[in-house]
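2 protein chains.
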Amino acid sequence: MLKYALLGFLTYKNASGYDLKHFMDVSTSNFWNAKQSQIYTTLKKMEKEGLVLSHTEPQESRPNRRVYEITTAGREDLKNWTAQPMMEIGSRKEKLLLKLFFSAQLEPQKILTELRLQKNLHQAQLNKYQTTTKNVISQFAASKDLQEDARFWEATRRFGELYEEMYIRWLDETIEGICKPVDRLENSRPVD
Amino acid sequence: MLKYALLGFLTYKNASGYDLKHFMDVSTSNFWNAKQSQIYTTLKKMEKEGLVLSHTEPQESRPNRRVYEITTAGREDLKNWTAQPMMEIGSRKEKLLLKLFFSAQLEPQKILTELRLQKNLHQAQLNKYQTTTKNVISQFAASKDLQEDARFWEATRRFGELYEEMYIRWLDETIEGICKPVDRLENSRPVD
DNA sequence: TTTTTATGTATAATTTATTATATATAAAGG
DNA sequence: CCTTTATATATAATAAATTATACATAAAAA
Chain A
1 MLKYALLGFL TYKNASGYDL KHFMDVSTSN FWNAKQSQIY TTLKKMEKEG
51 LVLSHTEPQE SRPNRRVYEI TTAGREDLKN WTAQPMMEIG SRKEKLLLKL
101 FFSAQLEPQK ILTELRLQKN LHQAQLNKYQ TTTKNVISQF AASKDLQEDA
151 RFWEATRRFG ELYEEMYIRW LDETIEGICK PVDRLENSRP VD
Chain B
1001 MLKYALLGFL TYKNASGYDL KHFMDVSTSN FWNAKQSQIY TTLKKMEKEG
1051 LVLSHTEPQE SRPNRRVYEI TTAGREDLKN WTAQPMMEIG SRKEKLLLKL
1101 FFSAQLEPQK ILTELRLQKN LHQAQLNKYQ TTTKNVISQF AASKDLQEDA
1151 RFWEATRRFG ELYEEMYIRW LDETIEGICK PVDRLENSRP VD
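As you go down the protein sequences, you meet chains A and B in turn. Quick note, the first sequence lines up with residues 1 to 192 if you use this note's numbering. Quick note, the second sequence lines up with residues 1001 to 1192 if you use this note's numbering.
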């Protein structure tokens, strides 16, 4: 799957592994991310498969760059993938939900600490979508010949925004649902 | 991470790999799932690490069952994990968003087909959360000594419900955002 | 009657992803 | 002056996950 992300970026411009890592970090990382080592090994594999070509660009006082270029076969592979509709909904892994599912024996205070911490993190993430990410995309939409692309990027940004809003709402609901019984417990015996 | 899911289930009752696969399928699968082979290999590894113990239960006319039991070390490992707050938000992989991000060159009709198909799938999933899943949990809450646990299961179900509502809303928005420009294009030239 | 579903465990092969480490240097910040 | 950040690639080791396959039987459904 990472391969399609890399092919996607390479349709815009030739790039090195380092570049591609950076592109992911600032664009798709919220819904598709990869470590540097995985990017480098995947690019090697893709070159063997003929999806990309590479050449070395010497640099003075910097390590050489290995710049990748998408091939016709690569473009086709990418197009086949985007054109092929998915018949299932993607499976997710949400660590927090797994923890919560098995948290009945845990002290409510510890759960609350965790949920409140998560709320802060998700609020920060929401804020990022609404400011930084939004600005970056509208700058692309305004200037270059990427207005059309920017509409799709904006759709993925909007998903992030709605997702974080939903997440915060759920955290609020869940925190309250845990607080209420705790209050009852704490009020049922006299204060020391 | 799968290891914690397995430990979690084993705090309720001893179980075989087959049982555990079934438990996951009907409970955590929407936010944490695993294949049968991964469950079996992980259980073996966990036994080596002393987190679980197993014994063989002979059966007539059925293959023997290898039944696992959580150890004290296993309980501690699980508790350490649940008690340890996460300092980051979990990273997600959303195939659909990745496809959409690189779909500017694709025919709008193909994108619409994909999004509408996804809408159907997510509506079905939402429906499942609101009926089947909800019923299963409230039955547990009503009968057994699992009322407390059921509150947490309900919280994870509620996440699923909110998530699917959000997803459908986003799909509607996105479909409309793609349809409008398509309408303009189609109306800009006379009908054949 | 044949096929599917359910019961059960196990391993091999492969793919995907993470962590850690090695090598090199320049510019900027504290 | 020292540390961090940025620039750049690469591999080894490990972990996590998927796909495929093998063995074995009974009941229920088509």
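Positions of the beta carbon are idealized from the N, C-alpha and C atoms, including for glycine.
Three-state secondary structure assigned by DSSP to Ile89 of chain A: coil
For Thr1056 of chain B, the residue or residues it bridges with in DSSP: B:Arg1066
Secondary structure, alpha helix (DSSP H): runs of 4+ residues fully inside the segment 1098-1147 of chain B: 1108-1128 and 1134-1142
Nearest neighbour of Arg151 of chain A, chosen from B:Glu1094, B:Ser1091, B:Pro1108 and B:Thr1071 [CA to CA]: B:Pro1108
Between the CA atoms of Ser143 of chain A and Asp1025 of chain B - distance to the nearest angstrom: 49 Å
Nearest-angstrom Cα separation, counted from Ala155 of chain A out to Ala1015 of chain B: 44 Å
At least three beta-carbon pairs within less than 8 Å, the segment 55-70 of chain A to the segment 1068-1077 of chain B: no
Stretch pair the segment 167-181 of chain A + the segment 1038-1058 of chain B: three plus CB contacts closer than 8 Å: no
Delimiting residues of the alpha helix (DSSP H) encompassing Ser37 of chain A: Gln36 to Lys48
Residue span of the alpha helix (DSSP H) that contains Lys1002 of chain B, given as start and end: Note that residue 1002 of chain B is Leu in the sequence shown here, rather than Lys. From DSSP, the alpha helix (DSSP H) with Leu1002 of chain B extends over Leu1002 to Leu1010.
Contact set between the segment 122-146 of chain A and chain B, restricted to residues whose Cβ is under 7 Å from the partner: His122 and Gln125
Interface positions of the segment 1076-1103 of chain B facing chain A (Cβ-Cβ less than 8 Å), listed along the chain: Leu1078, Lys1079, Trp1081, Thr1082, Ala1083, Pro1085, Met1086, Met1087, Glu1088, Ile1089, Gly1090, Ser1091, Arg1092, Lys1093, Glu1094, Lys1095, Leu1096, Leu1097, Leu1098, Lys1099, Leu1100, Phe1101, Phe1102 and Ser1103
Cβ-based neighbour list, Ile1168 of chain B, same chain, cut-off 7 Å, excluding 5 preceding and 5 following: Lys1119, His1122, Gln1123 and Leu1126
Selection of the segment 27-58 of chain A by Cβ proximity to chain B, strictly under 9 Å: Ser27, Thr28, Ser29, Asn30, Phe31, Trp32 and Asn33
Proximity of Met1046 of chain B and Lys95 of chain A at Cβ, strictly below 9 Å: no
Beta carbon of Trp1032 of chain B nearer than 9 Å to that of Leu97 of chain A: yes
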